[in-house]
Amino acid sequence: MTIRSGPAPSTFGPAALEFWALPVAEREAAFAELRAREHPAFFPEVPVPFVRSGKGFHALVRHADVSEASRHPDVFSSEPSATSIPDFPGYMERFFGSLINMDDPRHAKIRRIVSRAFTPKMLAKTEDDIRRRAARIVDELIETGPGDFVAKVAVRLPVEVICDMLGIPERYYPRVIQRTNVILGNSDPEYTGITPGQVSRLSTGRALFKIIWAARDLHRLATGLGRERVKNPTGDLTSALVNANVDGEHLTTRELGSFFLLLVVAGNETTRTALSHALKLFTDFPDQRALLLEDFEGRIGGAVEEIVRYSTPVIFMRRNLTRDHEMNGHTYKAGDKVLLFYNAANRDETVFERPDVFDITRDPNPHLGFGGPGPHFCLGANLARRELTVMLRELFTRVPDIRAAGEPDRLLSGFINGYKRLPCTFTATASREA
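Sequence positions in the sequence shown follow numbering that gives the first Met the number 0 and run 0 to 433.
Right, dumping it as structure tokens:
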């Protein structure tokens, strides 16, 4: 990996789209080399038209560094942005300024309101819904036969569950999937037209237009639904959010729209990505598949954690130094940017024995696949775990020989470790019993 400053795209390492187009083994080797360095490497930012770039960022790739930074949000701030290397342009903040990009006290306010909305009654209803939808999805998979596992299974369950929780009518599901694909696939040519090495003002302008249009559409869907639920609450999550009043606090229209956007995007991507990786992993590691099926209920908990560790659906989050700070022998300056590379931390040889091995019996497994410890730990982690458990049980019980039938079509992204498509195969003898 080239770290020196200069004009070539390869100079920018993991800041450059070209880096994420490399084979997985090459990227993992690059991160292993970074972990072996005495201090975090510094990378310049890639200039992007219409976006104000900074001088660069420190790459935090060790488990200890990522964990420590996560525990101190007063020093390692999520504002003004945690999900992109450059700052959001002002006109995008209204859509993406959710609690993931906030610090206290704003973060605490939103989290208090949202946490009250996730009541035992709401979660109990969701549990039944996950089982029912997983059974229906597998019914339809069996009926239609082998094909693209992402479209047939992985993308459907989390989107349908989160949309049902929010009270979004089923007719809007394809719309939500298409918009979230554009937002999360913002660096993939298929969704926004930007090609590595060919970033121009025209291509960037078109991509930004598509992203803003998709975000605005979901924002409008949220605010329209919110207005309806203020007048006529129905018991769904949107009703709980718009009518919540915690110590005199409630969500503004803008806060509702931003949080809604976060839920429909982040609420489906982790499960979608982890499910897709799960099928590929259990195909590539048949010994682990056999181990799971020997005692599914006893081993599925560990299997889910290892799937999330090994695949690490969300690759990084950004933090911004509020003051000069020394951590693990390195001094950071106020205003510095750091990227918390969860994928690299989850392969840290000092924490995980044989980290490149997929092992569902790994114990302990202190992975950072749902983020580091602290206030920004994934709000939907338990929901994602439940979705993965239920769907894998449904699949391996009723379609026991389902396997990946080739290599995945990977999302070109430095933020999401996703699959766009993954062919699957199975015999025609699958059980149709729920």
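All residues carry an ideal CB built from backbone N, CA and C; glycine is no exception.
What's the gap between the Cα of residue i and the Cα of residue j?
i: residue 78; j: residue 38; result: 24 Å
i: residue 173; j: residue 162; result: 11 Å
i: residue 138; j: residue 260; result: 30 Å
i: residue 190; j: residue 233; result: 35 Å
i: residue 0; j: residue 406; result: Because the pLDDT of residue 0 is 35, which lies under 50, any placement of that residue in the model is unreliable, and the question is left without a value.
i: residue 149; j: residue 181; result: 16 Å
i: residue 13; j: residue 31; result: 13 Å
i: residue 283; j: residue 229; result: 50 Å
i: residue 293; j: residue 286; result: 11 Å
i: residue 434; j: residue 335; result: In the structure displayed, the chain extends from 0 to 433; residue 434 sits before or after that span and is not available.
i: residue 280; j: residue 426; result: 19 Å
i: residue 187; j: residue 262; result: 22 Å
i: residue 297; j: residue 379; result: 23 Å
i: residue 212; j: residue 91; result: 10 Å
i: residue 376; j: residue 265; result: 13 Å
i: residue 102; j: residue 45; result: 26 Å
i: residue 358; j: residue 364; result: 10 Å
i: residue 133; j: residue 239; result: 25 Å
i: residue 6; j: residue 53; result: Because residue 6 carries a pLDDT of 32, less than 50, the predicted location of this residue cannot be relied on, and the following value inherits that uncertainty. Computed Cα separation, rounded: 15 Å.
i: residue 142; j: residue 135; result: 11 Å
i: residue 243; j: residue 397; result: 41 Å
i: residue 178; j: residue 220; result: 11 Å
i: residue 345; j: residue 288; result: 21 Å
i: residue 34; j: residue 155; result: 36 Å
i: residue 383; j: residue 270; result: 6 Å
i: residue 423; j: residue 391; result: 14 Å
i: residue 18; j: residue 170; result: 38 Å
i: residue 140; j: residue 130; result: 15 Å
i: residue 439; j: residue 59; result: Absent from the structure is residue 439, since the part of the chain shown begins at 0 and ends at 433.
i: residue 323; j: residue 51; result: 23 Å
i: residue 145; j: residue 421; result: 11 Å
i: residue 206; j: residue 321; result: 31 Å
i: residue 23; j: residue 82; result: 22 Å
i: residue 106; j: residue 295; result: 38 Å
i: residue 237; j: residue 409; result: 33 Å
Can you tell which of the options has its C-alpha closest to the C-alpha of residue i?
i: residue 328; options: 12, 192, 370, 36; result: 36
i: residue 151; options: 347, 263, 278, 286; result: 278
i: residue 69; options: 185, 209, 371; result: 371
i: residue 319; options: 57, 45, 23, 33; result: 57
i: residue 20; options: 178, 423, 227, 417; result: 417
i: residue 176; options: 186, 296, 158; result: 158
i: residue 274; options: 362, 403, 22; result: 403
i: residue 71; options: 325, 390, 389; result: 325
i: residue 204; options: 214, 215, 192; result: 192
i: residue 87; options: 76, 219, 100; result: 100
i: residue 258; options: 42, 143, 217, 207; result: 217
i: residue 356; options: 398, 302, 331; result: 302
i: residue 361; options: 393, 413, 408, 290; result: 290
i: residue 104; options: 73, 83, 85; result: 73
i: residue 210; options: 124, 184, 222; result: 184
i: residue 311; options: 323, 414, 382; result: 414
i: residue 267; options: 381, 215, 337; result: 381
i: residue 167; options: 111, 224, 114; result: 224
i: residue 160; options: 409, 389, 410; result: 389
i: residue 125; options: 114, 165, 146; result: 165
Assuming residue i is part of the beta strand (DSSP E), what are its boundary residues?
i: residue 377; result: Per DSSP, residue 377 belongs to no beta strand (DSSP E) and is neither H nor E.
i: residue 369; result: Unbroken run through residue 369: none, as it is neither H nor E.
i: residue 58; result: 56-59
i: residue 422; result: 422-424
i: residue 160; result: That residue, residue 160, is in no beta strand (DSSP E); its alpha helix (DSSP H) goes 155-165.
i: residue 40; result: 40-42
If you follow the alpha helix (DSSP H) that residue i is in, where does it begin and where does it stop?
i: residue 23; result: 23-34
i: residue 68; result: 62-70
i: residue 16; result: 16-19
i: residue 344; result: 341-344
Is residue i near the ligand MG - that is, is its Cβ less than 7 Å away from at least one heavy atom of it?
i: residue 129; result: In the structure on display, the ligand MG does not appear, and there are no ligands present to speak of.
Segments assigned alpha helix (DSSP H), at least 4 residues, entirely inside the stretch 243-328: 252-283, 285-293, 295-310, all fully within the stretch 243-328.
The stretch 304-324 in contact with the stretch 21-32 per 3-pair CB rule at 8 Å: no
Segment contact, 8 Å Cβ cut-off, at least three pairs: the stretch 308-322 with the stretch 333-351: Flag = yes, the stretch 308-322 and the stretch 333-351 touch.
Runs of alpha helix (DSSP H) lying entirely within the stretch 175-241, each at least 4 residues, in chain order: 188-191, 200-230
Three or more C-beta pairs below 8 Å linking the stretch 348-368 and the stretch 46-66: In short, these stretches touch, since the Cβ pair count reaches three.
In chain order, each alpha helix (DSSP H) run of at least 4 residues that lies wholly inside the stretch 79-149: 89-95, 105-116, 119-143
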